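*Asks:* Here it is, the structure, as structure tokens.
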Amino acid sequence: MVSNHNVKRTRVSPEALEAKRLKELSKVKEYLALNDDLLARKRSKTYRKEDFEATTRILSINPEFYTAWNYRREIFLNGLFPASTPAQIDEFLSSDLDMTMAQLQRHPKVYWIWNHRRWCLEHVPEGPGEDGDSREGWRRDNWNKEMFVAEKMLDRDPRNFHAWNYRRYIVASWPSIRTKDDELKYTKKKIQSNFSNFSAWHQRSKVLGAMWEVTPATRTEQDEGMSSHHTYSRFWLIILEEFEFVKSALWTDPGDQSAWIYHRWLIGEGDDLVVLQREIDVIEELLVEEPDSKWCLDSLVHFQRLLLQHKDESSVDVSSIQQRCAFALTKLEAIDPKRNQRYQDIKLQL
Amino acid sequence: MSTTELLVPLHVKYIQSLGENKDDLAYHLTAHLRLNAIYWGLTALCIMGHQDALDREEMIKFVDDCWDDEIGGYAAHPGHDAHLLSTLSAIQILTTQDALEHVKVDRVVLFILSLQQPDGSVAGDQWGEIDTRFLYCAVQALSLLGRLDEFNKEKAVAYLRRCRNFDGGFGSSPGGESHAAQGNLHEVDEQMLGWWLAERQVPNGGFNGRPEKLEDVCYSFWVLSVLAILRKMTWIDSEKLTTFILSAQDPEGGGIADRPGDMVDVFHTHFGVAGLSLLGYPGLNDLDPVYCMPAELIKRKGLTKAWLALPRRDAIGGKPDHE
Ligand SMILES: [Zn+2]
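Those sequence lines, one after another, are chains P and B.
Each residue of the first sequence is one higher than the one before, counting from 1 in UniProt numbering.
Each residue of the second sequence is one higher than the one before, counting from 1 in UniProt numbering.
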């Protein structure tokens, strides 16, 4: 075997093994015949309907056979598409999307299936109409359907990173499908149903990060006009709400790492002294309730060290910060011995 | 047999037996990973000091047969299409076997360079799947061929910068990012990354790949290799990790699984042995965490970077403690 995940080891007797071997023999023969037939067709560079069907047969047994997916696309491009109307091409691709959907149910983590879906989507022709909205009809329908599929997959396994990546790809390729606000709502819903859904926190950081990048730029470009000013303050409101949101997650389960990592991202380099001080206060408040919380202590050290960058400010008392960090680090060494070398290294850097 | 020590003879036998499963359907269903599997097996053998356990000539012949003359790269199996992943495996195998003269270097370089996109990212093949791990593969392959100077590094770095995540640089491909942290991305916050990595260790000693996920021998290696590159391997409990990897061995049939009690495979056998090498397990050869190949070999090629693994413990008597 080449690569397994989550397959329990079972002890099989030599007799049982031999029985399995004999039983599999015909299957092996059948598969190798399909395999040889497919590679022979590919070598001969024929791109007919029957070649297409040969790829369907072998891919239904082995969706990881990437060369067969490649050949399937070569057949589309060199054989089937040139002889088809746009409506037929749209139909071909739609049915390939359906076929791979069925495969994803059984193999949700096979890269090659996800890749093939992307390729199909990107080759949907314009139409059915000639102009305007109607020209984008087929594409819009397909992208919408894909979004539905991706979210269905995430309902089933909220941590499937293939599905998250795919969802990101859809939004990037067809931005009108979800606005940034939709994205914030979606990730919030996912996080609220499970605070340790790190993938959802991650996606949220991407959405806010993108808003962050756009907003200050718009402000300077549009010479402080009313609308941009509005965007800007609206963005700050979102950030403010965001801190409240993380805070509620931290208080709900201070032992869950996901929200703590996100909190660190939100504060970033800690350039804003007011925000930094406020968040330190939040953690200290929590620490009173949870005096042995490792994440509380570790975050406190992290943020207080960021505070040291502002040592020229009168409110920043360097020696008291160092003392508090050293105290927290000593405590961390005791409650988290696995990583005590890290705590000692940081102490030396204070 | 107990799993408190690395069962070297059993693993060697297990790796040797991998080519003998031709009656298994699974063997044929994984043909698309054959060249990768040979690289994993060969590297594990090298680290265990048994490079000759697989026939050198036969292996080189197989790699030659995987050459895809139309595309100018290596496929994972004769008759399949070339792909960047299998091309890297071919180069790694031929480098380890000191047989790089078998590579049509100019054509392979051209193939790899053609995969870099205008935005700096790298595709896996002509069909255009993009993944940061392909960027890492391209850099590694070109570097082993001594042709890294032809790669557009500025664009690649700009692309990686856009891929950075708030957890310190990890996307779907820790390996890829690790190379970046090592090479060009000085801006990567080593403290943050070190923290994130150290926190991947779960109570039984193993490492998971993402927060709140199950531990796994292969993730353990990814984390270790980056920690070695950051020179922060002391930030984790190495004894517990050693115990975890050892306990994932199959004490009867040989090989290492993703976690204790699961089916073994050559992928996890490779990463288990590689991890133990970085952990200073006695009797193993050093592994270069950047290339995931024998360190001695990378040193001879003058490609060694400033990583730091745990010192090799001496004597079998120094076997790890158990709680
Ligand atoms: Zn694994």
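C-beta: ideal position from N, C-alpha, C; glycine also.
Note that the structure is predicted; figures quoted are calculated from it, not measured.
Would you identify the three-state DSSP class for B/Y74, choosing helix, strand or coil?
*Replies:* In this structure, B/Y74 counts as strand in the three-state DSSP scheme.
*Asks:* Could you spell out where the alpha helix (DSSP H) holding P/F195 opens and where it closes?
*Replies:* Element bounds for P/F195: n/a, residue is neither H nor E.
*Asks:* Nearest by alpha-carbon distance to P/W164: which of P/A249, P/F235, P/W114, P/D131 is it?
*Replies:* P/W164 has its Cα closest to that of P/W114, out of P/A249, P/F235, P/W114, P/D131.
*Asks:* Please determine whether the Cβ atom of P/Y111 lies at a distance below 7 Å from any heavy atom of ligand 1.
*Replies:* P/Y111: no, Cβ never under 7 Å from ligand 1.
*Asks:* Would you report the Cα separation of B/I47 and B/L276, rounded to the nearest angstrom?
*Replies:* One C-alpha to the other measures close to 10 Å.
*Asks:* Less than 8 Å between the CB atoms is what I'm expecting for P/A197 and B/W127, so what's the real figure, rounded?
*Replies:* For clarity, residue 197 of chain P is Asn in the given sequence; the question names Ala instead. 32 Å between Cβ atoms; not a contact.
*Asks:* By how many angstroms is the C-alpha of P/T187 removed from the C-alpha of P/T330?
*Replies:* Using only the alpha carbons, I get a separation of about 37 Å.
*Asks:* With DSSP as the reference, label P/L97 as helix, strand or coil.
*Replies:* Looking at P/L97 - three-state DSSP - the assignment turns out to be helix.
*Asks:* For ligand 1, I want to know if B/E217 counts as a neighbour, meaning its beta carbon is within less than 7 Å of at least one of the ligand's heavy atoms.
*Replies:* It is worth fixing the name first, because residue 217 of chain B is Val in this sequence and not Glu. Yes, the Cβ of B/V217 comes within 7 Å of a heavy atom of ligand 1.
*Asks:* In angstroms, rounded to a whole number, what distance separates the CA positions of B/L6 and B/L246?
*Replies:* Those two C-alpha atoms are separated by around 6 Å.
*Asks:* So, with DSSP's three-state summary, where would you put B/D286?
*Replies:* B/D286: coil per DSSP, three-state reduction.
*Asks:* Got a sec? Which residues, its chain only, sit under 6 Å from B/V122 by beta carbon, not counting five neighbours each side?
*Replies:* Result list for B/V122: L115, Q116, F134, L135, A138, in chain order.
*Asks:* Which of the three DSSP states, helix, strand or coil, is assigned to B/M293?
*Replies:* Strand, per DSSP.
*Asks:* With a 10 Å radius around its C-beta and 16 neighbouring C-beta atoms as the bar for buried, classify B/A228 as buried or exposed.
*Replies:* B/A228 should be labelled buried.
*Asks:* Could you name the residues of chain B that P/S60 contacts, counting a contact when the two beta carbons are closer than 9 Å?
*Replies:* Per Cβ cutoff of 9 Å: no residues; P/S60 is ~12 Å from chain B at best.
*Asks:* Looking at the unbroken alpha helix (DSSP H) that takes in P/V316, where does it start and where does it end?
*Replies:* No alpha helix (DSSP H) holds P/V316; DSSP gives it neither H nor E.
*Asks:* Determine contact between the segment 319-328 of chain P and the segment 298-306 of chain P, defined as no fewer than three beta-carbon pairs at a distance below 8 Å.
*Replies:* Yes: the two stretches touch, three or more of their Cβ pairs being nearer than 8 Å.
*Asks:* If contact means a Cβ-Cβ distance below 7 Å, which residues of the segment 170-185 of chain P contact chain B?
*Replies:* Taking 7 Å as the Cβ-Cβ cut-off against chain B, none of the residues of the segment 170-185 of chain P qualify.
*Asks:* Which residues, in order along the segment 66-86 of chain B, keep a beta-carbon less than 8 Å from a beta-carbon of chain P?
*Replies:* Here the close residues are A75, G79, H80, D81, H83.
*Asks:* Going along chain P, which residues have a C-beta under 7 Å from B/R210?
*Replies:* The contacting residues are F198.
*Asks:* Can you name the residues that DSSP bridges to B/N208?
*Replies:* DSSP, once it has assigned bridges, lists B/E215 as partnering B/N208.
*Asks:* For B/V273, decide whether its Cβ has a neighbour in chain P, counting only Cβ atoms nearer than 8 Å.
*Replies:* Not an interface residue.
*Asks:* Tell me which residues of the segment 222-234 of chain B have at least one Cβ-Cβ distance to chain P shorter than 8 Å, keeping chain order.
*Replies:* Hits within the stretch, in order: K232, T234.
*Asks:* Would B/K13 count as contacting chain P if we go by Cβ distances under 8 Å?
*Replies:* Not closer than 8 Å to any Cβ of chain P, the Cβ of B/K13 fails to qualify, so no.
*Asks:* Closer than 8 Å, CB to CB, is P/Y66 near chain B or not?
*Replies:* At least one chain B Cβ lies under 8 Å of P/Y66.
*Asks:* Identify the residues that DSSP records as bridge partners of B/I256: which are they?
*Replies:* B/I256 is bridged to B/Q249, B/D265.
*Asks:* Strictly below 8 Å CB to CB, what residues from chain P border B/T30?
*Replies:* Residues of chain P passing the Cβ test: M1, V2, S3, E64.
*Asks:* With a 10 Å radius around its C-beta and 16 neighbouring C-beta atoms as the bar for buried, classify B/F111 as buried or exposed.
*Replies:* By the neighbour-count rule (16 or more Cβ atoms within 10 Å), B/F111 is buried.
*Asks:* What do you reckon, are the CB atoms on P/N6 and B/D24 nearer than 8 Å?
*Replies:* No. Outside cutoff.
*Asks:* How big is the Cα-Cα spacing for B/V223 and B/L308?
*Replies:* Cα to Cα, the separation comes out at about 14 Å.
*Asks:* Less than 8 Å separating the beta-carbons of B/T269 and B/Y14?
*Replies:* Cβ distance < 8 Å, so B/T269 and B/Y14 count as in contact.
*Asks:* Round the Cβ separation of B/R259 and B/V217 to the nearest angstrom and send it over; I've been treating them as touching at under 8 Å.
*Replies:* Confirmed, Cβ separation roughly 7 Å.
*Asks:* What does DSSP give as the partner residue(s) for B/W67 in the beta ladder?
*Replies:* DSSP lists B/Y74 as partners of B/W67.
*Asks:* Output the boundary residues of the alpha helix (DSSP H) element that contains P/V149.
*Replies:* 137-156 is the extent of the alpha helix (DSSP H) around P/V149.
*Asks:* Using a cut-off of 8 Å between C-beta atoms, extract the partners of B/G261 located in chain P.
*Replies:* Residues of chain P passing the Cβ test: K8, R9.
*Asks:* Is B/H268 a contact residue of ligand 2, with contact defined as CB to any heavy atom under 7 Å?
*Replies:* Absence of ligand 2 from the depicted structure is noted, with ligand 1 being the only ligands included.
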